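Structure record follows, encoded as structure tokens.
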Amino acid sequence: MSKRMRIDKLLAHMGLGTRSEIKRAVKLGKVNVDGQVVKDSGLIVNPDEADVVFDGEPVVYRDVVYFMLNKPQGVISATEDGRERTVIDLLEPQDRLREPFPVGRLDKDTVGLLLLTNDGQLAHELLSPRKHVAKTYEALVLGNVGEEDKHLFSAGLTLDDGYVTMPADLQIKGREQRENETYSTISLTIMEGKFHQVKRMFEAAGKKVVYLKRVSMGPLKLDESLPEGSYRELSGEEVELLRSHRQVAE
Ligand code: URA
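The opening residue of the sequence shown carries number -7 in the working numbering; numbering runs sequentially from there.
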């Protein structure tokens, strides 16, 4: 059976604007299909065969998917593993068919925002060390995180392998006493993504992360209404935010 799709959906899917922006572009006569100006943004086309031009530029359709997962503890950020459950095992079978993979890694015991996509180009750019995409984590840390730690984190810490981290923004949210130990709740934004980076930064500051959750990556924020272990497709606006972010972040 041939694939069928509305032209406004196809163009939004390819990141050319929100549905309403695309409706406006259609009204302005900026969309052509098979050499004809499109009059109706609900026009049905076969995305694999139609010759689509948007604002003078040919549009090549790719069946890309973007999922936001609220990663639970106990699963690994890989596509397959002989022994462990992976984040891909959390997807519905029809979503697995499109072969998404995790953009970067969260440790097995880290929870929170993980983007899954089959858009290799976007993933590559989000992970590129040159792009310095900001990642924000919330953590519970064993130890009394104080003002001096904020200075250490913003100056750069030397990790166990001698690597000196880029300036990071540490915010202290609260402290509590449990069984004679002080725990601190913090938020930390880093611009790089070394292996176990957040845990190793706190180790370098003499403290221990006991719970770690990622809440944002670049312009993408974790949808807190997603229970751990659940996922949803990114909205058109979220995809658009990610795509425009990759052009400016350098
Ligand atoms: N830093 C860590 O230490 N672990 C993660 O999962 C992510 C960042």
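Every residue, glycine too, gets a C-beta built ideally from N, C-alpha and C.
Keep in mind the model is a prediction, meaning the values are calculated, not measured.
Heavy atom of the ligand URA within 6 Å of residue i beta-carbon
i: residue 102; result: yes
i: residue 98; result: yes
i: residue 169; result: no
i: residue 202; result: no
i: residue 124; result: no
i: residue 191; result: yes
i: residue 188; result: yes
Residue(s) in a DSSP beta bridge with residue i
i: residue 162; result: 180
i: residue 133; result: 176, 201
i: residue 127; result: 182, 209
i: residue 155; result: BP columns for residue 155 are empty, so no partner.
Q. When the Cβ atoms of the segment 168 to 176 are set against those of the segment 62 to 70, are three or more pairs found closer than 8 Å?
A. no
Q: Please confirm if the segment 36 to 46 is in contact with the segment 190 to 202, defined as three or more CB-CB distances below 8 Å between the two stretches.
A: no
Q) Which ranges would you report for the alpha helix (DSSP H) in the segment 51 to 113 if only whole runs of at least 4 residues count? A) 85 to 88
Q. Would the segment 147 to 155 and the segment 121 to 136 be scored as touching if the rule is three or more Cβ pairs under 8 Å?
A. no
Q | Stretch-stretch touch, CB-based, cutoff 8 Å, three pairs: the segment 86 to 103 with the segment 29 to 39 | A | no
Q | Start-end ranges of the alpha helix (DSSP H) lying completely within the segment -4 to 22, minimum 4 residues | A | -1 to 5, 11 to 19
Q.
Going residue by residue through the segment 20 to 48, where are the continuous beta strand (DSSP E) segments of at least 3 residues, counting only ones entirely within it?
A. 23 to 25, 44 to 46
Q: Check whether the segment 99 to 112 touches the segment 208 to 222, counting contact only when three or more Cβ pairs, one atom from each stretch, lie closer than 8 Å.
A: yes
Q. Taking the runs of the beta strand (DSSP E) that are 3 residues or longer, which of them lie wholly in the segment 191 to 220?
A. 200 to 209
Q) Are at least three pairs of beta-carbons, each pair with one atom in the segment 18 to 30 and one in the segment 52 to 61, less than 8 Å apart? A) no
(Q) Would you call the segment 73 to 81 in contact with the segment 111 to 123, where contact means no fewer than 3 C-beta pairs closer than 8 Å? (A) no
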